[in-house]
């Protein structure tokens, strides 16, 4: 059995993900916002690496049902309909829409996971569902990788804590020390340290402090709401959709 | 004040180290072995990136007082006088010698720190001295970076724990949450988790388990000995020497 955590997509090689199941975490705020959007009826999200690519793609698709969303340094990109806040992803704003999203770190992590057999998105908002799927897959395949977006290529406390919560759920009480890489051990150590209070690691993280400083405290609190957006998103053929849609 | 930790040199840009003081940690085993060598009278160590470079440099220098040391995947490189074990760095073997060293992760971290204003080496073996210097520098300049070698570009539990111990020493009891980046917070969390018993995080880490599996358990135990090699090495002009030699 192998349960690995990567604290950042930097340094990850295509071979590290090939054929595996990857859970991507960017709790502040990309994966939380994507869960919120799908929970409120968005059709799909298309993560792209830059503002330019988002504009180009929007022109190519040219549909009325398309929205642009994204942030640069936490702030909504000028001209875009939405930022990267889960609180903006209301039913009124997103139902039936396809959303082209560009974010600083989350998109990079999703793109780094391309080539995996399956890519799921996780955050506090969908932890129980993601944890259930992670446990099933760990039992079935004996292998999962939890990939944190981190922050500008470096370690992010908020994602590492969330990785620990997901690893804990995937293990389901089993002791499997040999199955864990060092980052998985440390992320479980963080869960032991912070307990089940999501607010503490989120507000203590650099990303959380920066969001609070910029007036997005409500986003940090929203991202800390366990199972607030109970959906399981899947990243497949460059789109994030509900994973169950693939089965139906 | 700024006290930052980087869990790996991967993704570190020259701008991240320029003008700063960096403490490099590769406790299993490069920085421990280097402290052992200098403590036992070696003149200098020259870290290089590959076996080929080590051989080329040895030919160029062509001195009888030169030794080759290094490992690849934990095992001594064939034809080299020494491996990467602190226990090999006895006074009989190293006194008066200059040692060209190539190691998998430690050398990469040292080379990534080139361009810093000053680069020190740290491990359990010299923690008190390194911690004292780190505290002085943090008071004087208000800034240090602790750079972990990690393992193949990824997070290593043993180095992260050691980084936490060094950060704790540098802070000297001060609370300075705003000064810490997320990796520094997490490394201090690991110290809280494992207490002062070096053996636990070292033996639990992937690097430690691999060394034990290959028959190097004595090295892991040696690397866990607090202040066993009380020297403060400095990396300057491509050489690792005793820092005090620069002053004298």
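Chains as they are written, first to last, in the working numbering: chain A, 598 to 845; chain B, 598 to 845.
Glycine included, every Cβ here is placed at the ideal spot set by N, Cα and C.
A quick note: this is a predicted structure, and the numbers were derived from the prediction, not measured.
Same chain, Cβ closer than 6 Å to residue i, five either side skipped, listed in chain order
i                      : result
residue 633 of chain B : 683, 686, 826
residue 713 of chain A : 614, 617, 619
residue 778 of chain A : 601
residue 577 of chain B : Past the edges of chain B, shown from 598 to 845, lies residue 577 of chain B, and the structure says nothing about it.
residue 680 of chain B : 668, 673
residue 711 of chain B : none
Short CB-CB distance (under 8 Å) between residue i and chain B
i                      : result
residue 844 of chain A : With a pLDDT of only 42 at residue 844 of chain A, under 50, the local geometry of the prediction cannot be trusted, and the value read off the model is given with reservation. So no, residue 844 of chain A is outside the interface.
residue 803 of chain A : yes
residue 702 of chain A : no
residue 782 of chain A : yes
residue 757 of chain A : yes
residue 659 of chain A : no
residue 771 of chain A : no
residue 792 of chain A : no
residue 630 of chain A : no
residue 738 of chain A : no
residue 750 of chain A : yes
residue 778 of chain A : yes
Test: residue i CB closer than 8 Å to a CB of chain A
i                      : result
residue 670 of chain B : no
residue 605 of chain B : yes
residue 754 of chain B : yes
residue 709 of chain B : no
residue 608 of chain B : yes
residue 712 of chain B : no
residue 623 of chain B : no
residue 627 of chain B : no
Sequence-distant residues of the same chain with beta carbon closer than 8 Å to residue i, five excluded per side
i                      : result
residue 663 of chain B : 655, 694, 695, 696, 697
residue 803 of chain A : 748, 753, 754
residue 741 of chain B : 599, 600, 601, 617, 618, 619, 620, 731, 734, 735, 767
residue 643 of chain A : 654, 695, 696, 697, 698, 835, 836, 837
residue 688 of chain A : 637, 638
residue 773 of chain A : 598, 600
residue 841 of chain B : 829
residue 808 of chain A : 625, 626, 671, 814, 816, 817
Contacting residues, own chain, Cβ-Cβ under 7 Å from residue i (five flanking each side not counted)
i                      : result
residue 764 of chain B : 600, 602, 743, 781, 784, 785
residue 720 of chain B : 622, 624, 628, 629, 632, 759, 820
residue 776 of chain A : 598, 599, 600
residue 823 of chain A : 721, 724, 795
residue 756 of chain B : 622, 623, 624, 745, 746, 747
Pairwise C-alpha distance: residue j and residue i
i                      : j                      : result
residue 733 of chain B : residue 653 of chain A : 53 Å
residue 750 of chain B : residue 707 of chain B : 13 Å
residue 726 of chain A : residue 678 of chain B : 56 Å
residue 660 of chain A : residue 704 of chain A : 22 Å
residue 806 of chain B : residue 818 of chain B : 12 Å
residue 768 of chain A : residue 598 of chain A : 10 Å
residue 787 of chain A : residue 801 of chain A : 12 Å
residue 761 of chain A : residue 715 of chain A : 20 Å
residue 657 of chain B : residue 611 of chain A : 39 Å
residue 669 of chain A : residue 702 of chain A : 10 Å
residue 845 of chain A : residue 839 of chain A : Because the pLDDT of residue 845 of chain A is 34, which lies under 50, any placement of that residue in the model is unreliable, and the number read from its coordinates should be weighed accordingly. If you take the alpha carbons of residue 845 of chain A and residue 839 of chain A, they lie about 11 Å apart.
residue 671 of chain B : residue 810 of chain B : 11 Å
residue 813 of chain A : residue 812 of chain B : 53 Å
residue 649 of chain B : residue 641 of chain B : 20 Å
residue 646 of chain B : residue 770 of chain A : 43 Å
residue 792 of chain A : residue 792 of chain B : 18 Å
CB of residue i within 8 Å of CB of residue j, strictly
i                      : j                      : result
residue 639 of chain A : residue 607 of chain A : no
residue 651 of chain A : residue 667 of chain A : yes
residue 620 of chain B : residue 731 of chain B : yes
residue 636 of chain B : residue 828 of chain B : yes
residue 739 of chain B : residue 766 of chain B : no
residue 789 of chain B : residue 790 of chain A : yes
residue 816 of chain A : residue 673 of chain A : no
residue 830 of chain A : residue 718 of chain A : yes
residue 609 of chain A : residue 709 of chain A : yes
Proximity test, Cβ basis, 8 Å: residue i and chain E
i                      : result
residue 787 of chain B : Chain labels in this structure do not include chain E; the protein chains are A and B.
Review point. Curious, which full-length beta strand (DSSP E) runs of at least 3 residues does the segment 637 to 665 of chain B contain?
Key: As far as the segment 637 to 665 of chain B is concerned, its whole beta strand (DSSP E) runs of at least 3 residues are 641 to 645.
Check your understanding: At what residue ranges does the segment 700 to 748 of chain A contain a whole run of the alpha helix (DSSP H), taking only runs of 4 or more?
Key -> Listed in chain order, they are 703 to 709, 724 to 738.
Practice item. Give, in chain order, every unbroken run of the alpha helix (DSSP H) that is at least 4 residues long and sits entirely within the segment 754 to 812 of chain B. Key: Those alpha helix (DSSP H) runs which fall completely within the segment 754 to 812 of chain B and span 4+ residues are 754 to 768, 779 to 791, 796 to 801, 803 to 810.
Exercise for review: Go through the segment 602 to 641 of chain B residue by residue and report every complete run of the alpha helix (DSSP H) that reaches 4 residues or more, in order.
Suggested key: Taken in chain order, the complete alpha helix (DSSP H) segments of 4 or more residues contained in the segment 602 to 641 of chain B are 611 to 614, 627 to 636.
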